[in-house]
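Peer 1: Mind having a look at this structure? Questions to follow.
Numbering (the working numbering), first residue to last: 89 to 306.
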């Protein structure tokens with residue numbers, strides 16, 4: 089049985105239809121692959137951008153953390169050093185109170201020693217030891233001989249002058265020409281020696297690194 093013209097046309101139409109369907113499927117497949125590839129590229133870029141933002145945020149957070157820690161350390165150290173100064177200041181004031189109250193020492197012996205010490209540190213042979221008038225009755229007499237003897241310099245002449253203008257205990261020693269002055273009154277002597285005493289007290293009370301903020305002291 090031979091194929092009629094009608095049958096031949098139907099077969100041709102079917103083949104054309106099948107070819108068109110395959111072409112359409114191929115086009116859709118290519119489009120889908122292209123779309124997936126495009127989305128994949130955009131997705132990777134988005135992920136990279138997000139990771140970059142996260143890294144920037146992490147770095148900024150670390151920077152702010154370091155700044156905060158540095159500020160905390162500086163403030164802690166400031167408070168620590170201020171506390172040390174406060175304690176040293178209280179020790180100094182307590183020492184002055186004991187000196188003014190003449191606690192724990194003999195006033196006469198102290199004045200003789202301080203005056204002779206001043207003379208040993210000066211040049212010349214004649215010296216004036218000025219003392220507070222209010223201390224005259226407490227110090228007694230024969231001070232000149234005692235001071236000259238303890239100065240340990242033969243031929244030294246010492247004169248004691250009682251000065252109503254001096255309020256603090258202790259001697260102010262000058263040479264005869266008033267060219268050299270050695271103020272060994274208690275307050276003046278403490279002020280002069282305080283920097284050295286302060287360092288010694290601080291080293292004893294606060295050994296290096298003990299109790300101070302992490303990072304050490306200067």
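Each residue gets a CB set at the ideal place from its N, CA and C atoms; glycine is no exception. Fair warning: this is a prediction, and the values are worked out from it, not measured in the lab.
Only counting runs of 4 or more residues, tell me where the alpha helix (DSSP H) segments fall wholly within the region 257-286, in order along the chain.
Peer 2: none
Peer 1: With 16 other CB atoms within 10 Å as the buried threshold, where does residue 191 fall?
Peer 2: exposed
Peer 1: Could you give the distance in angstroms between the alpha-carbon of residue 243 and the alpha-carbon of residue 199?
Peer 2: Residue 243 and residue 199: Cα-Cα distance of roughly 21 Å.
Peer 1: Can residue 241 and residue 213 be called in contact, C-beta distance under 9 Å?
Peer 2: Yes, the Cβ-Cβ distance between residue 241 and residue 213 is below 9 Å.
Peer 1: With 16 as the cutoff for other CB atoms within 10 Å, does residue 155 come out buried or exposed?
Peer 2: For residue 155, the number of other beta carbons within 10 angstroms of its own is below 16, and it is reported as exposed.
Peer 1: Which of the three DSSP states, helix, strand or coil, is assigned to residue 291?
Peer 2: Residue 291: helix per DSSP, three-state reduction.
Peer 1: When DSSP builds the beta bridges, which residues end up paired with residue 247?
Peer 2: 216
Peer 1: Could you name the residues of the same chain whose beta carbon sits closer than 8 Å to that of residue 302, not counting the 5 residues immediately before and after it, in chain order?
Peer 2: Its pLDDT being 46, under 50, residue 302 is placed unreliably in this model, and the value from its coordinates should be taken loosely. Beyond the five residues adjoining it in sequence on each side, residue 302 comes within less than 8 Å, by CB distance, of 161 in the same chain, given in chain order.
Peer 1: For residue 184 and residue 277, I'd like the C-alpha separation in whole angstroms.
Peer 2: 11 Å
Peer 1: Quick one: using the 10 Å Cβ neighbour count with 16 as the cut-off for buried, is residue 257 buried or exposed?
Peer 2: buried
Peer 1: So the alpha helix (DSSP H) residue 221 belongs to, where does it begin and stop?
Peer 2: Premise fails: residue 221 is in no alpha helix (DSSP H) and is neither H nor E.
Peer 1: So, for residue 248: in the same chain, excluding its five sequence neighbours on each side, which residues have a beta-carbon less than 6 Å away from its beta-carbon?
Peer 2: 217, 231 and 232
Peer 1: With contact counted as at least three CB pairs below 8 Å, one residue from each stretch, are the region 165-179 and the region 279-294 in contact?
Peer 2: The region 165-179, when compared against the region 279-294, does touch it at the 8 Å Cβ threshold.
Peer 1: Apply the 10 Å Cβ neighbour rule to residue 142 and answer buried if 16 or more other Cβ atoms are within range, or exposed otherwise.
Peer 2: exposed
Peer 1: Below 8 Å on the Cβ atoms is my contact criterion, and I expect residue 203 with residue 269 to pass it. Report the Cβ-Cβ distance as a whole number of Å.
Peer 2: No, residue 203 and residue 269 are not in contact; Cβ-Cβ is about 13 Å, not under 8 Å.
Peer 1: What does the Cβ neighbour count give for residue 223, buried or exposed, with the cut at 16 atoms within 10 Å?
Peer 2: A buried status is given to residue 223, since no fewer than 16 other beta-carbon atoms sit within 10 Å of its beta-carbon.
Peer 1: Taking C-beta to C-beta, are residue 254 and residue 227 nearer than 9 Å?
Peer 2: no
Peer 1: Can you tell me which of the three DSSP states residue 301 falls into?
Peer 2: Low local confidence applies: a pLDDT of 45 at residue 301 is under 50, so the model's placement there is unreliable, with the coordinate-based value given in what follows. It is coil, neither helix nor strand.
Peer 1: Taking the alpha-carbon positions, what's the residue 265 to residue 163 distance?
Peer 2: 54 Å
Peer 1: Smallest Cα separation from residue 252: which of 259, 221, 273 and 263?
Peer 2: 221
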